[in-house]
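Chains as they are written, first to last, in the working numbering: chain L, 3 to 327; chain Y, 650 to 952; chain G, 2 to 325.
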């Protein structure tokens, strides 16, 4: 177990190192800091002087080193657009994105698990066939189309749900949250469902396929032969073994979830990190782009590690020996 | 090969859903390729449309106009025409991106499967990392860089090529892993050993023996990848980073209609949206059928 | 004495194709029956049919199955499920596959007692644990108490099969079905497991239905043997008699093919050809294409049962030889 964590740590440092390098290169190329700082028209001598002052004429390695040094202290530069420190700008919007992503994940799990399990246990039931047909349809509908259809139906035609913004916020635990007000939750529903629709078809199919494979295993037959309570067979024996591939695939989807959160936030004008990132990309606001990439990189590494730990918790073969059988 | 393709053909005729998907797909593709002749209007020629004709609803609604069968957009352009032209762009970019992915992925997959253990580990590590970063993210960052490095007109002009390259470079891992798996499986088989013993060169074994037998799985993932590439391009164009509204693909068109959604001109987004969905659905249905037909375990015809 | 298990003209089919045809035999309490035949003969199907574990779409298409005088075919699923594990139990070929890799041995033992189906009495976790340790000791697993925390992958193949047997025997069933219990084990372990089975069956007065393709396994462990070929029974005899004087040409060929029977320096006497599949049965006697004593009537008519005693019969057209 210790060995696993150590290996993880090294991998983490490597990944963060690569991300920081890419982020640094992007920051240098995106937008012109000189122009932003000193206005449009500036003489060549001024430019050269500014370049020297800002250290932009030093060798690459040195500049990168400085960048890392500042980053470790939390200084990721100032946004060209907002004229404010970049990192706090991104972090201020982190709760909004997290609530969106967590809401979507919850919806995915709450729907895909029962549907997938049912489709595996009763494959010939008409509801199972319907569910499978819907998933094929689901993977063919791009997420922004789902969003548009959702807005058309629930916002424009029916007027049940709002289509923009986060609604009324409250801060019972210290951060601005939309989870504790009815208005906030109403605003969360459409975006979270839209984001969930990205993963829902995949997970329903995955759970059904894995559960079907597990149900065909000998140990399930043996569990029946033992005369166990059927409920226990479905849950503890069958479903628990389904968790492993579920965790693996789920872990691989985190990247997609984060990326498509950008799209979702943009469509619904959800004030999260992703929306700010896209706007900054369009505005060539380098420091904010960098800040976003680094924050996302850290989140990614943390969640990857958590997924690995979770996997080890479920599979005793990994927990005890540290490596897969 | 003849034997297999004719039996595949016969199987297709017996699967009504896949057949319908294929026919619909062919219809869409032909219509889009023949856009120049089929479209009632040329949406790229500013002289052929008039802002006064903006936001006319489709023919079957009140206020419809026979000149605009599916309605007109915010600039007065005919939606049907844009859909035809836009589908062509979407298809071309999708196919182009898959060509790039396939080429890159096949080469890397061959190297990994046939090369040294160390090389294999390295390449597969790389593939894993790249697969966990979403294509959308890679594309966003790459396009952002391109936008800031190239002057505006350059960028606009080269957007289709950039999209093909970016989506292609982002998705090679799928092909690489599939090919590598197939190569590793085939390598074990006796005929490769026999060919080697008979003195055939590595390259000949590769090209004449291995490659034809790995074709099946490649074909299957190609359909999925085309659908995925089309979706990626649509998403990027929808976000404003892909095809511009002056030369719109389906995604760009949907984007242009988005703000007008709440004010009632729903057809500008919804109708091209449904076309996009139809296109992708047909490709996916075909891909599903192909996978079942080519998989010997599912009762398809084995090679 | 009423038999424990009565199988009367049982037929198991997959769709329309019969996999087992006209199978009839009885099993008395405490009796040890061996079912032998090549792979694909239908032996496993029989075991699964008795336990009502046939994988759909396979199903019992006709015939009767009576266990402890209850008609298994008309019993409702819940009642059938209550029989399993309690009155009749089964162990399978590969214990690595039959034990759930994610649960401890202890859990897989105690849950039979703490999580029975509806209508059966539950036992407390503590009592179940005590019982589990006893069960492990019965099958001679050392340090039983500490093994409760072990996972299947931490045990050897032989130990895993012992655990499976322990689980099967928890409720002292009247019938134990062992489907190729030693096939996946090393030869040295095979003997141990077979000896264990014999001992437990005798001690608990349990009936045993031992399924195997290996005749050598039968000799020590069974009283009576049924030989299956292509889904049908072709010979039934006390095991000793079958091994010493097989009457059906197929039984004879099976015995001749054993390496122990081979003459050093001579080629092994393997039987040519292969067993037909259920969908491609030959006409008349299913064995006739491979039979060294084939006669002209064999392809034309299926043979009838003939024999010198009720428990010593075979299905063949050949005239009965009286053997001394």
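The beta-carbon is built from N, C-alpha and C at its ideal position, and this holds for glycine as well.
- Boundaries of the alpha helix (DSSP H) around residue 49 of chain G: 44 to 52.
- In terms of CA proximity to residue 728 of chain Y, Y/713 leads the group Y/741, Y/740, Y/670 and Y/713.
- In terms of beta-carbon proximity, residue 224 of chain L lines the interface with chain G, with at least one pair separated by less than 8 angstroms.
- When G/178, G/248, G/165 and G/320 are compared, the shortest CA-CA separation from residue 44 of chain G is found for G/178.
- The Cβ atoms of residue 739 of chain Y and residue 879 of chain Y sit closer than 8 angstroms to each other.
- Put simply, of L/4, L/209 and L/218 the residue whose alpha carbon is nearest the alpha carbon of residue 134 of chain L is L/209.
- Residue pairing of residue 68 of chain G in beta bridges, as defined by DSSP: G/6 and G/71.
- The three-state reading of DSSP puts residue 237 of chain L in helix, counting H, G and I together.
- Secondary structure of residue 917 of chain Y (DSSP, three-state): helix.
- Between residue 164 of chain L and residue 188 of chain L, the C-beta spacing is below 8 angstroms.
- Excluding sequence positions up to five before and after residue 163 of chain G, its CB lies within less than 6 angstroms of the CB of 140 and 142, all in the same chain and listed in chain order.
- Residue nearest to residue 153 of chain L within the set Y/938, Y/913, Y/821 and Y/921 is Y/913 (criterion: CA-CA distance).
- Uninterrupted alpha helix (DSSP H) stretches at least 4 residues long and entirely within the region 149 to 190 of chain L do not occur.
- The beta-bridge partner set that DSSP reports for residue 717 of chain Y consists of Y/714.
- For residue 113 of chain G, the nearest CB of chain L lies under 8 angstroms from its own CB, placing it at the interface with that chain.
- Here residue 137 of chain L is buried, its C-beta having at least 16 other C-beta atoms within 10 Å.
- For residue 87 of chain L, the beta-bridge partners assigned by DSSP are L/80.
- Not one beta carbon of chain L lies nearer than 8 angstroms to the beta carbon of residue 60 of chain G.
- Between residue 205 of chain L and residue 103 of chain L, the C-beta spacing is not below 8 angstroms.
- Inter-residue distance for residue 893 of chain Y and residue 750 of chain Y is about 24 angstroms (C-alpha atoms, whole angstroms).
- The beta carbon of residue 213 of chain L sits no closer than 8 angstroms to any beta carbon of chain Y.
- Here residue 724 of chain Y carries a coil assignment [DSSP, helix/strand/coil].
- The closest CA to that of residue 21 of chain L, considering only L/301, L/310, L/258 and L/316, is found on L/301.
- For the region 875 to 891 of chain Y, the residues whose beta carbon sits under 8 angstroms from a beta carbon of chain L are, in order, 876, 880, 883, 884, 887, 888, 889 and 890.
- Under the DSSP assignment, residue 699 of chain Y falls outside any beta strand (DSSP E); it carries neither an H nor an E label.
- Taking residue 273 of chain L as the centre and dropping the five residues before and after it, the same chain places the C-beta of 95, 98, 167, 168 and 267 closer than 8 angstroms to its C-beta, in chain order.
- Between the alpha carbons of residue 836 of chain Y and residue 828 of chain Y lies a gap of roughly 12 angstroms.
- Counting only residues of its own chain and dropping the five nearest sequence neighbours on each side, residue 79 of chain L has a CB closer than 6 angstroms to the CB of 88 and 289.
- For residue 34 of chain G, the secondary structure class from DSSP, reduced to helix, strand or coil, is strand.
- Assignment of residue 238 of chain G by DSSP, reduced to helix, strand and coil, places it in the strand class.
- Residue contact with chain L for residue 847 of chain Y: absent (no Cβ-Cβ distance below 8 angstroms to any residue of chain L).
- Take residue 231 of chain G, set aside five residues on each side of it, and the residues of its chain with a beta-carbon closer than 7 angstroms to its own are 42, 276, 277, 282 and 287, in chain order.
- About 7 angstroms separates the Cβ atoms of residue 259 of chain L and residue 106 of chain L, confirming a contact at the 8 angstroms cut-off.
- Comparing C-alpha distances from residue 226 of chain G to each of G/27, G/50, G/148 and G/137 shows the shortest one belongs to G/27.
- Assigned with DSSP and collapsed to three states, residue 146 of chain L falls in helix.
- Counted as a single uninterrupted DSSP element, the alpha helix (DSSP H) harbouring residue 31 of chain L occupies residues 4 to 31.
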